[in-house]
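*Asks:* Take this structure, written in structure tokens, and hold onto it; I'll ask about it next.
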Amino acid sequence: MLSLLLILIALPGLWIVQLVPLLLAVFTLMTVKPGKKRGRILAVWAIVISLAIGSCSFTMHQGMRGVLSGTTESILSVLSSKIADDEKTKSLRAWAWPKALEKDEALTTKWMERYAGVVAKFGAWTEAFELPSILYGSTPLLMAPEGLVEIGSEDAKPPSWTMGSAIWTPAVFENGIVHVVLVLGEGDQKGVESLGELRPGEESPVIGDIRFFRAKAESTDP
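In this text, residue positions in the sequence shown follow this note's numbering: the first is 1, and each later residue adds one.
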């Protein structure tokens with residue numbers, strides 16, 4: 001059955017593909033002759049499976065989108081707050097990956113300096129995001145968009161982090177969109193595994209770095 005074959009596509013994020021077997025099954029029910037009992041049963045099962053898998057995938061990815069964007073929101077809230085730098089440092093260290101702090105004690109200071117550089121060019125964060133369409137699930141938030149350069153190092157392209165080891169959240173600043181990147185661990189396979197440690201509304205010490213990127217063609221002039 002098509003609905004079963006499309007599970008491998010729906011669960012990773014493209015839940016909408018289950019609409020194809022669903023619509024075909026509905027069409028079959030409307031057109032199949034009353035005497036063809038087997039065809040009607042198969043169509044009913046296709047509808048049940050499509051609705052179950054599609055809704056399960058949608059719910060799962062909607063929840064993941066909330067966790068990913070919520071993590072970025074929590075960190076941006078700290079960086080953009082008016083509290084003293086020592087309080088910011090304390091809050092950011094609660095998110096920082098311990099091994100990253102061991103390598104660089106000034107890590108959180110660098111994060112604050114990078115954010116200050118972003119604000120100097122793009123203005124303040126508006127506390128909003130421009131998330132990709134839910135039609136693609138949560139996967140776009142774990143993939144580097146094309147044509148980005150790092151703010152503060154305009155010729156620098158995104159490093160080759162393992163897919164799923166960095167959260168790419170497009171945040172709305174006063175003068176444009178800034179892609180806030182939270183690198184999990186060292187941006188490798190272990191970083192991918194640490195995704196499971198993120199919890200809504202909780203500080204998780206898995207962030208190895210925070211970077212900021214913009215679209216290459218986008219002007220940084222206010």
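Note that beta-carbon positions come from the ideal geometry of N, C-alpha and C, so glycine has one too.
Within this structure, are the beta carbons of Phe129 and Thr71 separated by less than 7 Å?
*Replies:* For Phe129 and Thr71, no; Cβs fall outside 7 Å.
*Asks:* Check for me: the beta strand (DSSP E) holding Trp168 runs from which residue to which?
*Replies:* 166-173
*Asks:* Identify every residue that forms a DSSP beta bridge with Asp209.
*Replies:* For Asp209, which the question treats as bridged, DSSP gives the partners Val183.
*Asks:* What would DSSP say about Trp125, mapped onto helix, strand or coil?
*Replies:* strand
*Asks:* Does the beta-carbon of Gly63 have 16 or more other beta-carbons within 10 angstroms, so that it is buried, or is it exposed?
*Replies:* Residue environment analysis places Gly63 among the exposed positions, since fewer than 16 neighbouring C-beta atoms fall within 10 angstroms of its C-beta.
*Asks:* What did DSSP end up calling Ile83 once you bin it into helix, strand or coil?
*Replies:* coil
*Asks:* Which residue wins for smallest C-alpha separation from Ile134, given the options Asp209, Ser69, Phe212, Glu203?
*Replies:* Nearest of Asp209, Ser69, Phe212, Glu203 to Ile134, Cα basis: Ser69.
*Asks:* Express the C-alpha separation of Arg93 and Ala100 in angstroms, rounding to a whole number.
*Replies:* 10 Å
*Asks:* Can you tell me whether Asp86 is buried or exposed? The criterion is at least 16 other CB atoms within 10 Å of its CB, across all chains shown.
*Replies:* exposed
*Asks:* May I have a chain-ordered list of the alpha helix (DSSP H) segments no shorter than 4 residues that lie completely inside the region 98-152?
*Replies:* 98-103, 107-122
*Asks:* Which residue comes first and which comes last in the alpha helix (DSSP H) that contains Gly191?
*Replies:* 189-193
*Asks:* Run the CB neighbour count on Ile210, radius 10 Å, all protein chains shown included, and call it buried at 16 or more, exposed below.
*Replies:* buried
*Asks:* Report buried or exposed for Ile75, applying the criterion of at least 16 other Cβ atoms within 10 angstroms of its Cβ.
*Replies:* buried
*Asks:* Look up Gly201 in the DSSP assignment and say whether it is helix, strand or coil.
*Replies:* The answer is coil: DSSP assigns Gly201 none of H, G, I, E or B.
*Asks:* From Val118, Gly137, Lys216, pick the residue whose C-alpha is nearest to that of Val67; which is it?
*Replies:* When only C-alpha atoms are compared, the closest one is Gly137.
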